[in-house]
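A short worksheet on the structure shown next.
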Amino acid sequence: MGPFAHVAALASYLLLANTDAFRVKHRKASRTQQLNEAKAEPFNAKLYAVNQQKPGFPGAHANVKVGLAIGGGGTRAMSWSSGVLRALEHLGLMGKFDALSTVSGGTWIGAPYMFQTRYSLNEFWGPMTNPSNLTLTELYKKSARLGDISDSDTTAKLVLMKLLYPDNEVWERLMSEVFMDRFNLGARENMYMAGSAEHRSDIIRRNPQLSKSQFHVPVPNRPKVFIMGGIVTAPTGYDVPTGFTDSMPFQMSPDICGTSVWPNYTAGEVKPMHFPGGWFKKDIDTIMGGGFIETFAHGSREPPVQSRSGDVSVQMTGSYKTMSLTSAVAISSAPIFRPRRYTWPVTPEGKTQGGTEFEYSDGGICENTGLFALLQRKASHVVQIISSSVKNDVSIDWCKTRSAEEWRAIHETCDSSTCQLSSMFGYKYKSYLSNYYRNKVFPTERAQPFFCKIQTLIKAGKPVVFAETFPVIGNEWYGIESGFEVKVLFVVLEVSTGFENTLPASMQEEMKSNSLFSSHPHYHLFMEHGDVIELKRPIANLLAAQAEYSVLQNEGLFRDFLR
């Protein structure tokens, strides 16, 4: 059989695989499984009301003082953040954090860092580097297992999975195969999470039917709290509101899962979210958010009493899917092919609200820093890692006094400044897969000196690493209270001529002439190499090395901040 025949046979198979006839056997098996699950014993779980009327978090989430927030940006964010974490580990500072909060591409490094035991940390994110030794040959070396992920071709796999599986399974399967399987963490179904070995034992004590089930538990000596940020978009089969306008923040931790706010809360009243049905579907009006349930039980039917904290008995739905670690990573980073889960709210006292299946999606679409989950928990110190594809344009004089209108015209295009940062000060930005309209947590008047500092560091050739203390402005959509201050140490991906000048002469020439590095350091989120995820190994290694350099050049600042 010649090459063309092979291609034709594969194409025919893929077309057949997408037909109802090919899937009928799978559907019958699924129906049998659903019937079995419907008859399963209920789960005994803990429910936590956390909202505007009951703002206290449970357990370790109530004691977050120092947090590390890793923003999104695909494999660019993963690579940049790996260098920051590698340097902090080298300095003995990773043990200072009470919590790790990640979103989107930040979750791609946060999840394996928290859970994987297959490799040592040195193998996981690579050894410490010396910039003066970073020739192109050195950068091509396979020194980090994270680099195996960024250097992989994924578009063909994505297309194949799109043909073989329902859309809502595609991204989960991709995350399992491309990311999590490499660390023996890829199981998507019948795999649970627990916050610790003790928590797992307690879950099994209350649910003996899970005694033979597998749980992913964080590695000891990691932050006590781990939060992966996603969003809940719309009920399955309903249109996602234009620009993700009414998408609800959603948090996944090994111990608890849910939303610490009623997003549509005004003047002490909880209002339902409205989802129009269109031609053949009824409109849906539903309260959303309001608290957490233990992660192992997420996806269950609503309990008889769903308005107060305490023990609940919940029945699994016929379409129940566990919130596995891989599922959480997929939800946190899925801009397309959105996973689905059954969900219901924690209601105001005395009310009940039935659940329904919703689509979940990439948390970075609405909040791409990971900071907000830590502000909800009133952290006082946060190290914030930012790795945007948008550079802060130093041809603009950020230290100049301008009118409010002029600053809005500059910031709200997201062309001249990093909108992950500007949105924190109330500058709004919206695009096809971004909606930063509700992200104000710091005073707008603090933006100009903030961006002036960024410009000053860039022009001096220094890493953009600095600390600022801000009064927190209340944000009801995200459940962030005002009345406290937070000190944030920013580590921002930007050009650093100081770093580039430490590279060997041959590599400095490569930076000028080799098209591989023409976008450095602001590589594109998707399609940098014509692929959905791929970021070639020398780029990933160079980004990690520059981030590591940025931390080490500011060792004193980090030690003082985290003492």
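In the numbering used here, the protein residues as written are -9 to 553.
Where is the CB? At the ideal position from N, CA and C, for every residue including glycine.
Tell me the rounded alpha-carbon separation between Arg66 and Glu31.
Cα to Cα, Arg66 sits roughly 44 Å from Glu31.
For Leu361, which option in Thr492, Phe216, His519 has the closest C-alpha, if you only look at C-alpha atoms?
It is Phe216 whose Cα lies nearest to the Cα of Leu361.
What do you get for Ser385, buried or exposed, if any count of 16 or more other CB atoms within 10 angstroms of its CB means buried?
Label assigned to Ser385: exposed.
When you compare the region 290 to 303 with the region 326 to 344, are there three or more beta-carbon pairs, one atom per stretch, that lie closer than 8 Å?
Yes, since at least three Cβ pairs between the region 290 to 303 and the region 326 to 344 fall closer than 8 Å, the two stretches touch.
For Tyr332 and Phe441, I'd like the C-alpha separation in whole angstroms.
If you take the alpha carbons of Tyr332 and Phe441, they lie about 42 Å apart.
Excluding the 5 residues preceding and the 5 following Glu292 in the sequence, name in chain order all residues of the same chain whose CB lies nearer than 6 Å to its CB.
Closer than 6 Å at the Cβ level, and outside the excluded window around Glu292, lie Trp334, Gly345.
Whose CA, out of His189, Lys44, Thr127, Arg172, lies closest to the CA of Ala50?
For Ala50, the nearest C-alpha among the options comes from His189.
Among Ala257, Lys430, Pro225, Leu78, which residue has its Cα nearest to the Cα of Gly268?
The candidate whose alpha carbon is nearest that of Gly268 is Pro225.
Please list the segments of the beta strand (DSSP E) lying wholly inside the region 25 to 102, counting only runs of 3 or more residues, in order along the chain.
Segments of the beta strand (DSSP E) lying fully in the region 25 to 102: 33 to 39, 56 to 60, 89 to 93.
With C-beta atoms as the reference, is Ile60 less than 9 Å away from Ser69?
No. Outside cutoff.
With a 10 Å radius around its C-beta and 16 neighbouring C-beta atoms as the bar for buried, classify Met497 as buried or exposed.
Flag for Met497 reads buried.
Look at the alpha carbon of Asp405 and the alpha carbon of Thr391, and state the distance between them as a whole number of angstroms.
Taking the straight line from one Cα to the other gives about 20 Å.
Does the region 499 to 518 come close enough to the region 364 to 384 that 3 or more CB-CB pairs lie under 8 Å?
Taking 8 Å as the limit for Cβ pairs, the verdict is that the region 499 to 518 does touch the region 364 to 384.
Are three or more beta carbon pairs between the region 106 to 118 and the region 406 to 421 nearer than 8 Å?
The region 106 to 118 is not in contact with the region 406 to 421.
Counting only runs of 3+ residues fully inside the region 226 to 278, write out the beta strand (DSSP E) ranges in chain order.
Counting whole runs of 3 or more residues, the region 226 to 278 contains the beta strand (DSSP E) stretches 238 to 242, 246 to 249, 263 to 265, 274 to 276.
Below 7 Å CB to CB, which residues in the same chain sit around Thr403 once its five sequence neighbours on both sides are set aside?
The answer is none, since no qualifying residue turns up.
So within the region 494 to 547, which uninterrupted alpha helix (DSSP H) runs reach at least 4 residues, ignoring any that extend past its ends?
Complete alpha helix (DSSP H) runs here, min 4: 495 to 503, 527 to 542.
Can you tell me which residues form a DSSP beta bridge with Val431?
DSSP output for Val431 lists no bridge partner at all.
Alpha carbon to alpha carbon, how far is Ile194 from Gly73?
Straight-line Cα distance between these residues: approximately 38 Å.
Look up Asp157 in the DSSP assignment and say whether it is helix, strand or coil.
DSSP places Asp157 in helix when its eight states are reduced to three.
Check whether the Cβ atoms of Arg178 and Arg135 lie closer than 9 Å to each other.
Going by C-beta atoms, Arg178 is not nearer than 9 Å to Arg135.
Between Met84 and the rest of its own chain, which residues show a CB-CB distance below 6 Å, the 5 nearest in sequence each way excluded?
The answer, listed in chain order, is Leu78.
Flag this pair as touching only if the region 275 to 283 and the region 245 to 258 have three or more C-beta atom pairs under 8 Å; answer yes or no.
The region 275 to 283 vs the region 245 to 258: in contact.
Taking only the alpha-carbon atoms, compute the straight-line gap between Gly258 and Val462 and give it to the nearest angstrom.
Cα to Cα, Gly258 sits roughly 21 Å from Val462.
Using the beta-carbon count (16 or more within 10 Å), is Asn358 buried or exposed?
Buried, by the Cβ-count rule.
Mapping DSSP to helix, strand and coil, what is Arg549?
Arg549 falls in the helix class under three-state DSSP.
Glu349 by DSSP, collapsed to three states: which one?
The answer is strand: DSSP assigns Glu349 an E or B state.
How many angstroms separate the CA atom of Arg76 from the CA atom of Met263?
The straight-line gap from Cα to Cα measures roughly 43 Å.
Output the boundary residues of the alpha helix (DSSP H) element that contains Leu411.
From DSSP, the alpha helix (DSSP H) with Leu411 extends over 409 to 412.
When the Cα atoms are used, what is the spatial distance from Thr144 to Thr119?
Going by the C-alpha atoms only, they are around 28 Å apart.
Taking the alpha helix (DSSP H) that Glu395 belongs to, which residues open and close that run?
Counting along the chain, the alpha helix (DSSP H) containing Glu395 begins and ends at 394 to 401.
Hey, Trp98 and Gly137: beta-carbon distance below 9 Å or not?
Contact flag unset, no.
With a 10 Å radius around its C-beta and 16 neighbouring C-beta atoms as the bar for buried, classify Arg328 as buried or exposed.
That one is buried.
Counting along the chain, where does the beta strand (DSSP E) carrying Val478 start and finish?
475 to 482 is the span of the beta strand (DSSP E), which, as asked, contains Val478.
Specify, as a first and last residue, the run of the alpha helix (DSSP H) that Gln445 falls within.
437 to 449 is the span of the alpha helix (DSSP H), which, as asked, contains Gln445.
Kindly give me the distance between the Cβ atoms of Phe415 and Leu479, rounded to whole angstroms, as I take these residues to be in contact under 8 Å.
That belief does not hold up - the Cβ atoms of Phe415 and Leu479 are roughly 18 Å apart, past 8 Å.
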